[in-house]
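Report on one structure; see the data block that follows.
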Amino acid sequence: MILVTGAAGALGALIAERLADRDDTVLGTRDPRQPEVALPVRRIDFDDPGTLVAGFEGVDVLLLISAGYGEDDTVIARHGAAIDAAEKAGVGHVVYTSLTADGDHLSYALPHRWTERRLQESTLEWTILRNGLYAELLAGLAAPSADGRITAALGEGRLAAVARADLADAAVRVTVEAPAHARRIYELVGEQAIGGVELARAHGPHFTYQPETLAQARTRIAASGAEPFQVPMLVSTYSAIAAGFMSRTGGDLRHLLGREPLSPLAAALA
1028 MILVTGAAGA LGALIAERLA DRDDTVLGTR DPRQPEVALP VRRIDFDDPG TLVAGFEGVD
1088 VLLLISAGYG EDDTVIARHG AAIDAAEKAG VGHVVYTSLT ADGDHLSYAL PHRWTERRLQ
1148 ESTLEWTILR NGLYAELLAG LAAPSADGRI TAALGEGRLA AVARADLADA AVRVTVEAPA
1208 HARRIYELVG EQAIGGVELA RAHGPHFTYQ PETLAQARTR IAASGAEPFQ VPMLVSTYSA
1268 IAAGFMSRTG GDLRHLLGRE PLSPLAAALA
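With this note's numbering, letter number 53 in the sequence shown gets 1080, and the count goes up by one each step, no holes.
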């Protein structure tokens, strides 16, 4: 049996759609009423460890989608509880959606590396999918104003962005074929690095890119109503891209997909 956690999130929903025709798959979510996919649903709440051991019973492959919405200690507690429960329930293999190695410069990398280490030291078989940052995230970080100006603290940096749909396809393949990917770490970054200039050009001839400072970005994000922990997360994302640490491309994604990855610019504009 395959269990997909985090099915209510954007990536989890795409994965659930792709597995909807299988009779060996169930979804795990804290709110069983939320997913709109014709698959069985179990209540899996990382903040309620009592739901986990029973929820993982009979599971051969657990797709653990990162529960990264929170401070580091919160995320570590969630992932630790999930892995503890998977060991107790006799889960065979965990596929974990982590963060690209270049993401070590991001403020939210630590819980991912902690989880990778915990899995590698566990009694479980494991596969780690080090996902690159979404093209859709970059679109939000560099959204144009009504008059066509893209104002963002990206400097001249570029991001090897990935379409979320491609990461969903890769996760499905690895999960379904889990034994063939045991103890493998995949770097799932894009094959094209894009930044503010490329985004403006893709939007059209009347769009322009105007870099801002990190201080300006911090003020803007804080005033937007973001959660306190989100402010440093987003600022560090701008900073790492601007400093050139997120532009390295790779081929693992193409290998898992068996095709050319989707255009990150098309995904961003969509």
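Note that the Cβ used here is the ideal one computed from N, Cα and C, for glycine as well.
All of these numbers come straight from a predicted model, not from anything done at the bench.
Problem set entry | In chain order, each alpha helix (DSSP H) run of at least 4 residues that lies wholly inside the stretch 1150-1235 | Whole alpha helix (DSSP H) segments, 4+ residues: 1162-1168, 1191-1203, 1223-1230.
For this session: Identify, in the order they occur along the chain, each residue of the same chain with its Cβ nearer than 7 angstroms to the Cβ of Ala1112, setting aside the five sequence neighbours on each side.
Result: One-based indexing of the sequence shown puts residue 1112 at position 85. Cβ neighbours of Ala1112 beyond the five flanking positions: Pro1076, Leu1079, Val1080, Phe1083.
Exercise. In or out: Asp1174 buried (at least 16 other Cβ within 10 Å) or exposed?
Worked result: For the purposes of this step, residue 1174 is taken as the residue at position 147 of the sequence shown. Answer is exposed; the Cβ neighbour count stays below 16.
For this session: Report yes if the CB atom of Val1121 is closer than 8 angstroms to the CB atom of Trp1153, and no otherwise.
Result: Taking the first residue of the sequence shown as 1, we reach residue 1121 at position 94. Taking the first residue of the sequence shown as 1, we reach residue 1153 at position 126. In this structure, Val1121 places its C-beta atom within 8 angstroms of the C-beta atom of Trp1153.
Exercise. In chain order, what residues of the same chain lie with their CB nearer than 7 angstroms to the CB of Thr1240, ignoring the 5 residues before and after it?
Worked result: In the sequence shown, the residue the question calls residue 1240 occupies position 213. Excluding residues within five positions, the ones whose Cβ falls inside 7 angstroms are Ala1180.
Exercise. Straight-line CA distance for Gly1107 to Leu1091?
Worked result: Here the question's residue 1107 lines up with position 80 in the sequence shown. Here the question's residue 1091 lines up with position 64 in the sequence shown. Gly1107 and Leu1091 have their C-alpha atoms some 11 angstroms from each other.
Problem set entry | 3 or more residues per run - each beta strand (DSSP E) lying fully within the stretch 1058-1102 | Fully enclosed beta strand (DSSP E) runs of 3 or longer: 1068-1070, 1088-1092.
Exercise. Roughly how far, in whole angstroms, is the beta-carbon of Glu1004 from the beta-carbon of Gly1277, given that I think they are within contact range, below 8 angstroms?
Worked result: The structure shown has nothing for residue 1004, since the chain only spans 1028 to 1297.
Problem set entry | Bounding residues of the alpha helix (DSSP H) (the contiguous stretch that carries Thr1264) | Position 237 of the sequence shown holds residue 1264. Element bounds for Thr1264: 1257-1269.
Exercise. From Leu1280, Thr1142, Val1262, pick the residue whose C-alpha is nearest to that of Val1201; which is it?
Worked result: Numbered from 1 along the sequence shown, position 174 holds the residue referred to as residue 1201. Ranking the options by Cα distance to Val1201, first place goes to Leu1280.
For this session: Please name the residue, chosen from Pro1171, Leu1126, Gly1130, Ala1195, that lies closest to Gly1036 on a Cα-to-Cα basis.
Result: On the sequence shown, position 9 is the one that residue 1036 refers to. Nearest to Gly1036 by alpha-carbon distance, out of Pro1171, Leu1126, Gly1130, Ala1195, is Ala1195.
Exercise. To which residues does DSSP link Gln1237 through a beta bridge?
Worked result: Taking the sequence shown and counting its residues from 1, the one referred to as residue 1237 is at position 210. Per DSSP, Thr1178.
Problem set entry | Collapsed DSSP secondary structure at Thr1276 in the structure displayed | Walking along the sequence shown from the start, residue 1276 turns up at place 249. Looking at Thr1276 - three-state DSSP - the assignment turns out to be coil, as it is neither helix nor strand.
Exercise. For the alpha helix (DSSP H) that Leu1038 lies in, which residues bound it at each end?
Worked result: The residue labelled residue 1038 in the question sits at position 11 within the sequence shown. DSSP places Leu1038 inside the alpha helix (DSSP H), whose first and last residues are 1037-1045.
Exercise. How should Arg1211 be labelled, buried or exposed, when 16 other C-beta atoms within 10 angstroms of its C-beta is the threshold for buried?
Worked result: Taking the first residue of the sequence shown as 1, we reach residue 1211 at position 184. Counting Cβ neighbours within 10 Å, Arg1211 comes out exposed, since fewer than 16 surround it.
Problem set entry | Distance between beta carbons of Ala1269 and Gly1182, contact taken as under 8 angstroms | Stepping through the sequence shown from its first residue, residue 1182 is reached at position 155. Stepping through the sequence shown from its first residue, residue 1269 is reached at position 242. The beta carbons of Gly1182 and Ala1269 sit about 3 angstroms from each other, so the pair counts as a contact at 8 angstroms.
For this session: Quickly, what does DSSP pair Gly1055 with across the bridge? List them, please.
Result: Here the question's residue 1055 lines up with position 28 in the sequence shown. Under DSSP, Gly1055 forms a beta bridge with Thr1032, Arg1069.
For this session: Could you spell out where the alpha helix (DSSP H) holding Thr1142 opens and where it closes?
Result: Locating residue 1142 in the sequence shown gives position 115, where the first residue counts as 1. Here the alpha helix (DSSP H) through Thr1142 covers 1137-1147.
For this session: Would you please state the rounded distance, in angstroms, between the beta carbons of Leu1146 and Tyr1123? I believe it to be under 8 angstroms.
Result: Taking the first residue of the sequence shown as position 1, residue 1146 is located at position 119. Taking the first residue of the sequence shown as position 1, residue 1123 is located at position 96. Taking a contact as a CB-CB distance under 8 angstroms, the pair Leu1146 and Tyr1123 counts as one, their CB atoms being some 6 angstroms apart.
Exercise. Closest by CA to Val1216, which one among His1230, His1233, Arg1191, Gln1237?
Worked result: Here residue 1216 is taken as the residue at index 189 of the sequence shown, counted from 1. Per the Cα distances, Arg1191.
For this session: Check each candidate in His1282, Gly1055, Asp1099, Glu1163 and name the one with the smallest Cα separation from Val1086.
Result: On the sequence shown, position 59 is the one that residue 1086 refers to. With distances taken between Cα atoms, Val1086 lies closest to Gly1055.
For this session: Quick one: residues in its chain with C-beta nearer than 6 angstroms to the C-beta of Ser1093, no 5 flanking neighbours on either side, listed in chain order?
Result: On the sequence shown, residue 1093 is found 66 positions in, with the first residue counted as 1. Cβ within range, chain order: Thr1124.
Problem set entry | Cut-off 8 angstroms between Cβ atoms - residues of its own chain near Ala989, not counting five sequence neighbours on either side | In the structure displayed, the chain extends from 1028 to 1297; residue 989 sits before or after that span and is not available.
For this session: Kindly indicate which residue of Arg1049, Ala1047, Val1088 has the alpha-carbon position closest to the one of Ala1207.
Result: By 1-based counting over the sequence shown, the position of residue 1207 is 180. Of the listed residues, the one whose Cα sits closest to Ala1207 is Val1088.
Exercise. By how many angstroms is the C-alpha of His1132 removed from the C-alpha of Ile1248?
Worked result: As a first step, residue 1248 must be located in the sequence shown, where it is residue number 221. As a first step, residue 1132 must be located in the sequence shown, where it is residue number 105. Taken atom to atom, the span from the alpha-carbon of Ile1248 to that of His1132 is near 19 angstroms.
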